[in-house]
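Chains as they are written, first to last, in the working numbering: chain A, 1 to 274; chain V, 275 to 682. By construction, the Cβ of each residue, glycine as well, lies at the ideal position given by its N, Cα and C atoms. The block underneath contains the structure these notes are about, expressed in structure tokens.
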Amino acid sequence: MESLQTPLMLVTLLCYVSAFGLLIYVFYSPREKVRKIARGINLLGFGLTTLLLGIRTVLIAGLPLTNTYEFGLCFAWAISLIFIIIDYRHNLTAAGLFVLPLIIGLMAWLITLDNSVRPLMPALRSPWLVIHVLTAVIAYGAFALSFVLAIMYLLKEKQNSMGTESKWARALPSLDLLDDLSYKLVFVGLPFLTIMLVTGAVWAEYSWGSYWSWDPKETWALITWFIYSVYLHVRFMVGWKGKKAAYLSILGFGAVMFTFIGVTYLLPGLHSYV
Amino acid sequence: MINGANSLVNPGNAWVKLKQGITGIFFKGSESMIKFFSSVKLAVVLIASLIIASIFATLYPKVNVFSSFWFRGLLLLFTLNLAVCTFKRLPAVWHKIFRKGELTPFILANSEYIKIEDSSNCAEKLLEHFKGKGYRIQTKEENGQLFIQAEKGFLNLIAPHLLHFALIVVLIGAFLGSFGTKGEVRGYVGQTVPVSNEPAMTVKINDFETLYDEDGAIDNWVSHLTLYVNNEEVKTGTTRVNHPFKYKGTVFYQSSYGYTHVVELVGEYNDTFALPDQKVFKIGDIPFNINQVRDGALLKIFRGHEIVDSILLAPGDKFTFPNGTTLTYLELIPFTILSVKKDPGTPVVMLGFVLVTIASTLFWTGRYQEIKVILDSGENALYYRVNCKNKTAVAEISNEVIKKVKGE
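Listed below in structure tokens is the structure:
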């Protein structure tokens with residue numbers, strides 16, 4: 001079953017790429033039927049990602065949350081799931097134009113990683129792992145979608161300010177909806193990020209003997225938490241909405257990605273396994 | 275002279291003036307201090323500074339940032355900012371949640387307006403509706419007007435304030451942590467060794483073992499200990515990764531381990547040696563090492579970097595090298611290294627973490643909603659306003675109110 005993973009990932013990637021291609025087609029010549037097919041293929045991609053996680057769960061006899069490959073797969077799965085929910089609730093398939101490249105990039109990178117099954121190191125054999133990583137997956141997924149909606153907001157806003165009726169203006173929903181959804185995702189994601197930090201700290205106290213070590217991954221997770229905290233404070237207290245909020249959401253997601261990928265490759269520390 | 279005389283005659287006046295002056299300055303000063311420390315601007319500036327400092331620290335790990343005076347100063351200012359913000363808003367939140375007694379009539383300027391036919395029937399329907407939806411209701415009748423205030427979502431209202439409070443608790447705990455100590459215990463199985471940061475403590479290392487799971491992978495490392503305080507035995511137990519050994523605030527963590535193999539050599543050397551695990555030695559020109567594996571001590575003979583022979587040794591087993599030297603394996607002595615921590619702030623930090631978690635989950639409870647209604651029986655009119663930070667909820671609640679009033 002271990003050898004099934006890479007071919008299945010390639011098929012999954014193909015699904016996402018096809019859905020993306022179809023959405024580009026719909027963007028240039030809107031056809032409801034094609035849009036529905038794109039939606040269907042994206043759904044299939046999500047189904048296959050779920051299957052991949054299922055296979056991994058069987059292979060490692062536990063939840064697949066233990067290394068970079070597994071976390072990346074869960075991350076792609078969460079982004080895909082939140083996108084599907086938003087699409088079905090708000091008819092926002094156009095968001096796929098921005099979400100899918102993110103998922104495609106992530107999947108393409110994951111294919112290059114080692115997906116062989118290795119025994120879990122003793123420090124990771126703890127019930128804290130599940131809640132710590134699962135909350136990170138949910139938070140990161142929510143922030144990814146908030147980022148995508150923020151980019152869509154800025155594009156739409158630019159089109160509006162230019163006063164021209166373009167394809168973008170037609171394809172993208174109202175500014176209010178984009179801003180509101182982007183904010184709500186931060187509002188949902190931040191408590192998860194908070195719990196991720198806290199459970200990680202409690203676990204570190206048991207495992208490493210210190211609830212906080214200023215390890216690069218810890219520090220960058222805290223930086224991310226600070227950015228999104230500022231997002232909510234300036235939104236509620238100073239009234240930063242729309243463009244300014246969108247920039248902050250983009251900045252926040254930049255920190256998320258740096259914590260996930262940048263720190264892993266550039267700043268080694270205690271979290272060397274993820 | 276006259277002024278002086280006045281002062282002498284009326285000392286109280288001057289004292290009162292002075293007191294007022296000082297109080298005024300102090301009050302004005304403290305008021306502006308409170309204003310300064312409770313501002314969101316300060317919070318944003320402090321957080322931005324903490325972000326920049328943290329980024330710098332991770333990019334230049336050799337520069338001492340996190341334990342520097344100025345970084346700690348920033349954290350102190352941040353704590354003050356949090357504290358002032360939280361305690362300043364506390365009375366208003368407290369009042370909102372626990373207000374009792376009669377409702378004070380209110381004015382609803384620029385509110386929504388609906389024409390009604392039967393005000394008492396309408397009031398009945400509305401109150402029933404609010405009750406059914408779980409709102410806390412307060413009413414007041416005055417001059418032909420019925421005032422209704424319906425609220426729910428108090429947990430959500432508490433969430434940010436509890437989170438701020440919890441963060442203060444964590445930061446206080448972290449500060450208390452600076453009065454803590456860190457140390458180490460290292461020793462061979464069978465030895466009784468001192469605890470470097472606790473002079474009264476000694477630890478007897480009863481055993482050390484590596485645990486394997488059913489697939490043969492390392493599951494954990496366990497040190498079996500007996501703790502003595504002033505030479506009196508106080509606790510026996512184990513410490514393993516993720517499960518430290520604790521005694522009255524002193525915590526022992528499994529940090530590292532190793533093995534020493536005791537061998538007797540006859541031939542080239544005639545003596546007993548303690549060989550560290552995996553370290554390469556030479557007999558004649560033949561390199562070898564002994565490596566403790568799951569099944570026992572594995573003697574490996576090398577040619578260059580290549581292993582040419584490997585033999586599993588049990589105590590008493592012998593191996594003869596090509597130059598005639600005989601190695602007799604005598605015994606394995608494991609050693610363990612434990613890191614020791616005594617941090618008076620940890621329980622406080624953990625309490626803060628529990629509160630942070632509770633506060634975070636409270637954010638997901640329903641948003642705080644406040645509906646204010648004035649039913650005017652004289653004008654046969656209903657005025658209402660919905661206060662909620664969720665715009666969709668405001669529209670939904672307004673629709674519900676309209677439906678109820680119109681009897682739909």
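Nearest-angstrom Cβ-Cβ length linking V444 of chain V and V623 of chain V, presumed shorter than 8 Å: For the purposes of this step, residue 444 of chain V is taken as residue 170 along the second sequence, with counting starting at 1. For the purposes of this step, residue 623 of chain V is taken as residue 349 along the second sequence, with counting starting at 1. The beta-carbon distance between V444 of chain V and V623 of chain V, rounded to whole angstroms, is 5 Å. This is short enough to meet the 8 Å contact definition.
Could you pull out every residue in the same chain whose Cβ sits closer than 6 Å to the Cβ of A317 of chain V, ignoring the five residues on either side in sequence? Counted from its first residue, the second sequence places residue 317 of chain V at position 43. Within the same chain, A317 of chain V has close Cβ partners N355.
**Study point:** Proximal residues of chain A, C-beta to C-beta of M475 of chain V below 8 Å
**Key:** Reading the second sequence from its first residue, position 201 is the one you call residue 475 of chain V. Under the 8 Å cutoff, chain A gives no residues; its nearest Cβ is about 16 Å from M475 of chain V.
message = Within a Cβ cutoff of 6 Å, which residues of the same chain sit near A433 of chain V, ignoring the five residues on either side of it in sequence?
response = Translated into the one-based positions of the second sequence, residue 433 of chain V becomes position 159. Counting only residues of its own chain and dropping the five nearest sequence neighbours on each side, A433 of chain V has a CB closer than 6 Å to the CB of A633, L636 and F637.
Suppose you measure from the CA of M121 of chain A to the CA of W77 of chain A; what does that come to, to the nearest Å?
In the first sequence, residue 121 of chain A corresponds to position 121, counting from 1. In the first sequence, residue 77 of chain A corresponds to position 77, counting from 1. Each residue's alpha carbon lies about 25 Å from the other.
Please state whether the Cβ-Cβ distance between V198 of chain A and V630 of chain V is less than 7 Å. Within the first sequence, numbered from 1, the residue matching residue 198 of chain A stands at position 198. Within the second sequence, numbered from 1, the residue matching residue 630 of chain V stands at position 356. Cβ atoms of V198 of chain A and V630 of chain V: closer than 7 Å.
| message | Could you pull the DSSP bridge partners for G615 of chain V from this structure? | response | Working through the second sequence from its first residue, we reach residue 615 of chain V at position 341. According to the sequence shown, residue 615 of chain V is Lys rather than Gly. DSSP lists V:K456 and V:V525 as partners of K615 of chain V.
May I ask you to verify whether the stretch 495-503 of chain V touches the stretch 565-578 of chain V, counting CB pairs closer than 8 Å and requiring at least 3?
The stretch 495-503 of chain V makes no contact with the stretch 565-578 of chain V; the number of CB pairs closer than 8 Å stays below 3.
inquiry  = Helix, strand or coil, according to DSSP, for P173 of chain A in the structure here?
reply    = Against the first sequence, residue 173 of chain A aligns to sequence position 173. Coil, per DSSP.
Helix, strand or coil: how does DSSP classify L382 of chain V here? Working through the second sequence from its first residue, we reach residue 382 of chain V at position 108. Looking at L382 of chain V - three-state DSSP - the assignment turns out to be coil, as it is neither helix nor strand.
_Going by DSSP, what residue range makes up the alpha helix (DSSP H) through T93 of chain A?_
The residue labelled residue 93 of chain A in the question sits at position 93 within the first sequence. Membership of T93 of chain A in any alpha helix (DSSP H) is not indicated, and neither H nor E is assigned to it by DSSP.
Can V99 of chain A and A142 of chain A be called in contact, C-beta distance under 7 Å?
Against the first sequence, residue 99 of chain A aligns to sequence position 99. Against the first sequence, residue 142 of chain A aligns to sequence position 142. No Cβ-Cβ contact shorter than 7 Å links V99 of chain A with A142 of chain A.
Requested in this report: Determine, using beta carbons only, whether N471 of chain V and T455 of chain V come nearer to each other than 7 Å.
Outcome: Position 197 of the second sequence, counted from the first residue, corresponds to residue 471 of chain V. Position 181 of the second sequence, counted from the first residue, corresponds to residue 455 of chain V. Result yes, Cβ atoms of N471 of chain V and T455 of chain V sit closer than 7 Å.
- Among A:Y231, A:L110, A:C15 and A:F258, which has the Cα closest to the Cα of A38 of chain A? Indexing the first sequence from 1 puts residue 38 of chain A at position 38. Answer by Cα proximity: A:C15.
- Closer than 8 Å by beta-carbon distance: list the chain V residues that pair up with P191 of chain A, in chain order. Locating residue 191 of chain A in the first sequence gives position 191, where the first residue counts as 1. Within chain V, the residues whose beta carbon sits less than 8 Å from that of P191 of chain A are S634, T635, F637 and W638, listed in sequence order.
Within the same chain, show all residues whose beta-carbon is closer than 7 Å to that of A279 of chain V, passing over the 5 residues directly before and after it, in chain order. For the purposes of this step, residue 279 of chain V is taken as residue 5 along the second sequence, with counting starting at 1. Note that A279 of chain V scores a pLDDT of 39, beneath 50, so its modelled location is shaky and nothing firm can be said.
Secondary structure at G141 of chain A, three-state DSSP: helix, strand or coil? Walking along the first sequence from the start, residue 141 of chain A turns up at place 141. For G141 of chain A, the three-state secondary structure derived from DSSP is helix.
Per-residue DSSP class, three states only, for I276 of chain V
As a working mapping, residue 276 of chain V is identified with position 2 in the second sequence. Here the model assigns I276 of chain V a pLDDT of 37, short of 50, so the residue's position is not dependable and the matter cannot be decided.
task = For P285 of chain V, name the three-state secondary structure that DSSP assigns.
result = As a working note, residue 285 of chain V is residue 11 in the second sequence. Model confidence at P285 of chain V stands at a pLDDT of 48, short of 50, so the residue's coordinates are unreliable and nothing is read from them.
message = What does the Cβ neighbour count give for K156 of chain A, buried or exposed, with the cut at 16 atoms within 10 Å?
response = For the purposes of this step, residue 156 of chain A is taken as the residue at position 156 of the first sequence. Around the beta-carbon of K156 of chain A, 16 or more other beta-carbon atoms lie within 10 Å, marking it buried.
Q: Name the two residues that bound the continuous alpha helix (DSSP H) containing L216 of chain A.
A: The sequence position of residue 216 of chain A within the first sequence is 216, counting from 1. Correcting the residue type first, residue 216 of chain A is Pro in the shown sequence and not Leu. Its alpha helix (DSSP H) spans residues P216 to H233.
Chain A contact residues for K616 of chain V, given Cβ-Cβ distances below 9 Å | Against the second sequence, residue 616 of chain V aligns to sequence position 342. Ordered by position in chain A, no residue passes the 9 Å Cβ test against K616 of chain V, which lies about 11 Å from the chain.
Q. So Y300 of chain A packs on T620 of chain V, CB below 8 Å; how close in whole Å?
A. Because chain A is modelled from 1 through 274, residue 300 of chain A falls outside the range shown and cannot be assessed.
* Asked: Under 7 Å between the Cβ atoms of L601 of chain V and L539 of chain V?
  -> Along the second sequence, one-based indexing puts residue 601 of chain V at 327. Along the second sequence, one-based indexing puts residue 539 of chain V at 265. Yes, these two residues count as a Cβ contact at 7 Å.
| task | Kindly say whether V130 of chain A, judged by its beta-carbon, lies nearer than 7 Å to any beta-carbon of chain V. | result | Counting from 1 along the first sequence, the entry for residue 130 of chain A is found at position 130. Cβ-Cβ to chain V under 7 Å: no for V130 of chain A.
| request: State yes or no: is the C-beta of G72 of chain A within less than 7 Å of the C-beta of L134 of chain A? | output: The residue you call residue 72 of chain A lines up with position 72 of the first sequence. The residue you call residue 134 of chain A lines up with position 134 of the first sequence. If you check the CB distance, G72 of chain A and L134 of chain A do not come in under 7 Å.
Between V:R514, V:V614, V:K646 and V:V660, which lies nearest to G457 of chain V when the distance is taken from Cα to Cα?
Working through the second sequence from its first residue, we reach residue 457 of chain V at position 183. Among V:R514, V:V614, V:K646 and V:V660, the Cα nearest to that of G457 of chain V is on V:V614.
Q. At a Cβ threshold of 7 Å, is V198 of chain A touching chain V?
A. Your numbering for residue 198 of chain A matches position 198 in the first sequence. Chain V contact via Cβ: present.
Alpha carbon to alpha carbon, what distance is there between S328 of chain V and I223 of chain A? Counting from one through the first sequence, the residue named residue 223 of chain A turns up at place 223. Counting from one through the second sequence, the residue named residue 328 of chain V turns up at place 54. Approximately 7 Å, taken between the alpha carbons.
Report task. Can you tell me which of V:H535, V:E305, V:V463 and V:F439 puts its alpha carbon nearest to the alpha carbon of L586 of chain V? Result -> Here the question's residue 586 of chain V lines up with position 312 in the second sequence. Comparing alpha-carbon positions, the option among V:H535, V:E305, V:V463 and V:F439 lying closest to L586 of chain V turns out to be V:H535.
Chain A beta carbons: is any one of them nearer than 7 Å to that of S613 of chain V?
One-based indexing of the second sequence puts residue 613 of chain V at position 339. Chain A contact via Cβ: present.
>> Checking 7 Å against the spacing of the C-beta atoms, do Q423 of chain V and K646 of chain V come in under that value?
In response: Against the second sequence, residue 423 of chain V aligns to sequence position 149. Against the second sequence, residue 646 of chain V aligns to sequence position 372. Closer than 7 Å, so yes.
Checklist line | Interface residues of chain A facing W344 of chain V [CB-CB closer than 7 Å] | finding: Position 70 of the second sequence holds residue 344 of chain V. The contacting residues do not exist; W344 of chain V stays about 15 Å from chain A at best.
Exercise for the section: Report yes if the CB atom of T194 of chain A is closer than 7 Å to the CB atom of A221 of chain A, and no otherwise. Expected result: Along the first sequence, one-based indexing puts residue 194 of chain A at 194. Along the first sequence, one-based indexing puts residue 221 of chain A at 221. Not closer than 7 Å, so no.
Pairwise C-alpha distance: L429 of chain V and T639 of chain V = Walking along the second sequence from the start, residue 639 of chain V turns up at place 365. Walking along the second sequence from the start, residue 429 of chain V turns up at place 155. For the pair T639 of chain V and L429 of chain V, the Cα-to-Cα distance works out to about 7 Å.
Item to complete: Go ahead and label A201 of chain A buried or exposed: buried means 16 or more other beta carbons lie within 10 angstroms of its beta carbon, across all protein chains shown.
Response: For the purposes of this step, residue 201 of chain A is identified with residue 201 of the first sequence, where counting begins at 1. Result: buried.
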